[in-house]
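Asker: After the structure tokens below, expect a handful of questions from me.
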Amino acid sequence: MADGGEESAVTPGAPATPRARARSAALWGAVGGFAFLALAQGYRLLGSGSLPVGIGGQALVAFAVAAASAGISYAAEARLRAKRRT
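Position in the sequence shown (from 1) plus 1 gives the number in our numbering.
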């Protein structure tokens, strides 16, 4: 340790600005929505038939999953950063 033996307490990564948190949450929301659509497509291809909702219903469910994923990740990021688990 060349700087006098003191360790740096700087946390790695981008600072937790509201804009960075919102962008991260939006990306996690997109991941959640597309993951649902991929699972629904896999079920339709390999499953026993079609789903009980049509394409429009799947899009609405994917949007709801994306919104929930974004909201949960936005709330959880602040909690995880406060506990230094990021």
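Cβ coordinates follow ideal geometry from the N, Cα and C atoms, glycine included.
Given a cut-off of 8 Å, decide if Gly33 and Ala76 are closer than it, judged by their beta-carbon atoms.
Answerer: Residue numbering aside, residue 76 sits at position 75 when the sequence shown is read from its first letter. Residue numbering aside, residue 33 sits at position 32 when the sequence shown is read from its first letter. Their beta carbons are not under 8 Å apart, which means Ala76 does not touch Gly33 by this criterion.
Asker: Exposed or buried, Gln26, counting other C-beta atoms within 10 Å across all chains shown (16 or more means buried)?
Answerer: Position 25 of the sequence shown holds residue 26. For the record, residue 26 in the displayed sequence is Ala; it is not Gln. Buried: at least 16 other Cβ atoms inside 10 Å.
Asker: At the level of alpha carbons, what is the spacing between Ala60 and Arg22?
Answerer: Indexing the sequence shown from 1 puts residue 60 at position 59. Indexing the sequence shown from 1 puts residue 22 at position 21. Computed Cα separation, rounded: 25 Å.
Asker: Spatial neighbours of Gly58 within its chain, please: C-beta separation below 6 Å, excluding the five flanking residues on both sides.
Answerer: If you number the sequence shown from 1, residue 58 lands on position 57. When the five nearest sequence neighbours on each side are left out, no beta carbon in the same chain lies closer than 6 Å to the beta carbon of Gly58.
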